[in-house]
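A.B. asks:
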């Protein structure tokens, strides 16, 4: 497997070190780590990058896969013992709060640029979907103090989907702001050329 090539802020190539997979890391945690790694590489917000750095570095690099699919037993037994349901819920609340703040910041900028933009509705709908997932994640299990693996699995899945939706909403807002900004720059350049 070839190591991935990334670029730093100066567009210089950086080769990622290949790390073998830690079998105790839950697959959902790998997905979350992957999303967080990609988000931190965007470098859009320093506060967001700092808050998402709680993932161990060995989990954020490429994983060496051995062309085998995880079985149901592997998924159920991997890494659920390390966090309680309450810890999962607290982490989801903290991360989603930060992501939601970023989305709202970009949504405000987009509203300022173009209050009638059709992308506003898409961003709002994606945020609503994230809120549904987050509410499900934060809801208490039907059995108090239940630490069953199936409950942890459900909470991790709900956390993953809530974060994914917020990242998508943020990406939609940023793309639309960039598109409008590029359009305004082209119009300004055209006016300067024509004058």
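Numbering (full-length UniProt numbering), first residue to last: 1 to 195. Glycine included, each C-beta is placed from N, C-alpha and C at the ideal position.
So what does DSSP say about residue 140, is it helix, strand or coil?
C.D. replies: Here residue 140 sits in coil by DSSP.
A.B. asks: DSSP three-state call for residue 147: helix, strand or coil?
C.D. replies: It is coil, neither helix nor strand.
A.B. asks: Is it buried or exposed, residue 177, if we count other Cβ atoms within 10 angstroms and call 16 or more buried?
C.D. replies: Residue 177 should be labelled buried.
A.B. asks: Out of 159, 125, 90, state which residue places its alpha-carbon closest to the alpha-carbon of residue 133.
C.D. replies: Closest by alpha carbon: 159.
A.B. asks: Contact criterion: CB-CB distance below 9 Å. Does residue 94 meet it with respect to chain B?
C.D. replies: This model lacks chain B altogether; it includes just one protein chain.
A.B. asks: Could you give the distance in angstroms between the alpha-carbon of residue 164 and the alpha-carbon of residue 130?
C.D. replies: The alpha-carbon atoms of residue 164 and residue 130 are separated by roughly 8 Å.
A.B. asks: Would you tell me roughly how many angstroms separate the C-alpha atoms of residue 148 and residue 104, rounded to the nearest one?
C.D. replies: Taking the straight line joining both Cα atoms gives about 35 Å.
A.B. asks: Give me the Cα-Cα distance between residue 101 and residue 127, rounded to the nearest whole angstrom.
C.D. replies: Distance between the alpha carbons of residue 101 and residue 127: 11 Å.
A.B. asks: Specify, as a first and last residue, the run of the alpha helix (DSSP H) that residue 83 falls within.
C.D. replies: Segment: none, residue 83 is in no alpha helix (DSSP H) and carries neither H nor E.
A.B. asks: Smallest Cα separation from residue 82: which of 119, 115, 152, 183?
C.D. replies: Of the listed residues, the one whose Cα sits closest to residue 82 is 152.
A.B. asks: Going by beta-carbon coordinates alone, are residue 184 and residue 123 separated by less than 9 Å?
C.D. replies: No; because the gap between Cβ atoms is not below 9 Å, this pair is not in contact.
A.B. asks: Enumerate in chain order the residues of its own chain whose CB-to-CB distance from residue 93 is below 7 Å, with the five nearest sequence positions on each side excluded.
C.D. replies: These residues qualify, in order along the chain: 138.
A.B. asks: Distance, Cα to Cα, residue 143 vs residue 107?
C.D. replies: Those two C-alpha atoms are separated by around 39 Å.
A.B. asks: What is the rounded straight-line gap between the Cα of residue 182 and the Cα of residue 86?
C.D. replies: Cα to Cα, the separation comes out at about 44 Å.
A.B. asks: What residues in its chain sit with their C-beta under 7 Å from that of residue 113, if we drop five residues either side in the sequence?
C.D. replies: 177, 180.
A.B. asks: Using the three-state DSSP reduction, which class does residue 116 fall into: helix, strand or coil?
C.D. replies: Of the three classes helix, strand and coil, the one that applies to residue 116 here is coil, per DSSP.
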